[in-house]
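Novice: Mapping of the sequence shown onto the working numbering: position 18 corresponds to residue 19, and the numbering continues sequentially without gaps. Backbone N, C-alpha and C define an ideal beta-carbon position, used for all residues, glycine too.
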Amino acid sequence: MVVVASNKNIMKSTLMLNSQLLETIGRLPFQAITQERKAVLEKLVGYVQQRINEHLPVRLNFICTHNSRRSQLAQIWAKTAAAYHNVHIESYSGGVEVTGFNDRAVEAIKKAGFRVTRKGELNPKWFIFYSDDSEPVVAFSKLYDDAINPNRDFAAIMTCSHADENCPFIPGAHLRVPVRYEDPKLFDDTPLELQKYEERSIEIATEMFYVFSQIQKTDG
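(1) How far does the beta strand (DSSP E) with Ile64 in it reach, from first residue to last?
(2) In terms of residues, what are the limits of the alpha helix (DSSP H) holding Thr160?
(3) Pull the bridge partners of Thr118 from the DSSP assignment, please.
(4) Using 8 angstroms as the Cβ pair cut-off and three pairs as the minimum, do the stretch 179-190 and the stretch 82-101 touch?
(5) Less than 8 angstroms between the CB atoms is what I'm expecting for Tyr131 and Leu22, so what's the real figure, rounded?
(6) Would Ile11 be called buried (16 or more neighbouring beta carbons within 10 Å of its own) or exposed?
(7) Is the separation between the beta-carbon of Ile216 and that of Val107 shorter than 7 angstroms?
(8) If you drop the 5 nearest sequence neighbours on each side, which residues of the same chain put their C-beta closer than 6 angstroms to that of Ala213?
(9) Quick check: what's the CA-CA separation for Ala156 versus Glu122?
(10) With a Cβ-Cβ cutoff of 7 angstroms, do Thr207 and Leu29 count as a contact?
(11) Return the CA-CA distance between Ala174 and Gln51, expressed in angstroms with no decimal places.
(12) In the DSSP assignment, find the beta strand (DSSP E) that holds Leu176 and state where it starts and stops.
(13) Could you pull out every residue in the same chain whose Cβ sits closer than 7 angstroms to the Cβ of Val139, ignoring the five residues on either side in sequence?
(14) If you follow the alpha helix (DSSP H) that Gly27 is in, where does it begin and where does it stop?
(15) What is the DSSP secondary structure of Val97, counted as helix, strand or coil?
(16) In terms of residues, what are the limits of the alpha helix (DSSP H) holding Val46?
(17) Would you call Lys120 buried or exposed, if buried means 16 or more other Cβ atoms sit within 10 Å of its Cβ?
(18) Can you give me the C-alpha to C-alpha distance between Trp78 and Asn54, rounded to a whole angstrom?
(19) With a 10 Å radius around its C-beta and 16 neighbouring C-beta atoms as the bar for buried, classify Lys197 as buried or exposed.
(20) Compute the distance between the beta-carbons of Val59 and Val49, then report whether it is under 7 angstroms.
(21) What whole-angstrom Cβ distance do Ala33 and Ile158 have, given they're in contact under 8 angstroms?
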């Protein structure tokens with residue numbers, strides 16, 4: 002069947018999204034994005050639009066310190082939002098230390114409606130499916146300059162203040178965009194843990210869907 006989201010800020014799509022994920026997308030709180038935050042996102046919108054206009058590849062590398070929470074969520078949601086809006090991008094993530102895709106963040110995307118499988122034990126690879134007819138996003142903790150990531154001609158999206166402040170230079174990036182999010186790790190092992198991870202996932206989803214809803218496709 003053709004899946005269409007109910008939220009008026011979401012355009013129609015023929016992407017065969019997982020039904021639970023579709024429901025999550027339909028509830029994204031676009032009204033919560035402030036004008037100040039939109040100004041932050043506008044640099045990312047402008048970059049993607051320029052690349053599309055020039056028929057150049059769009060490569061986004063989301064970077065935070067441990068590549069375990071925010072950068073992983075941003076990579077997954079950006080790829081999903083771009084696919085939904087029929088904007089072709091390549092979405093990556095990395096950090097300055099290798100840890101693992103945090104189990105709490107994995108649970109947050111499962112609750113959003115992604116189908117998730119796992120391979121391996123130590124720093125396992127997670128295969129994140131937003132649609133049964135699309136290739137999964139492969140998520141695992143890695144350095145931002147890991148061989149799987151682009152080494153040139155990409156935008157570095159800094160999702161945490163620590164990485165943004167301590168990595169003043171990202172080799173190969175021709176644009177650096179700070180899009181910082183509060184770390185849900187602050188609430189680990191507290192009664193608010195689940196709530197805060199879900200909130201961060203939804204916040205990132207909302208902003209990524211907003212970004213790609215602004216992109217105008219070109220002919221050719």
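Specialist: By the coordinates alone:
(1) 60-64
(2) Careful: Thr160 lies outside any alpha helix (DSSP H) and carries neither H nor E.
(3) Phe128
(4) no
(5) For Tyr131 against Leu22, the beta-carbon gap comes to about 6 angstroms, under 8 angstroms, which counts as contact.
(6) Here the model assigns Ile11 a pLDDT of 49, short of 50, so the residue's position is not dependable, and the following value carries that caveat. With 16 or more other Cβ atoms from the protein chains shown falling within 10 Å of its own Cβ, Ile11 counts as buried.
(7) no
(8) It is Phe, not Ala, that sits at residue 213 in the sequence shown. Ala82, Ala83, His86, Val88.
(9) 31 angstroms
(10) yes
(11) If you take the alpha carbons of Ala174 and Gln51, they lie about 16 angstroms apart.
(12) 174-179
(13) Cβ neighbours of Val139 within its own chain (closer than 7 angstroms, five residues either side excluded): Lys126, Phe128.
(14) Where Gly27 is concerned, the enclosing alpha helix (DSSP H) starts and stops at 20-27.
(15) coil
(16) 36-54
(17) exposed
(18) 23 angstroms
(19) buried
(20) yes
(21) Going by Cβ atoms, the distance from Ala33 to Ile158 rounds to 20 angstroms, so no, they are not a contact pair.
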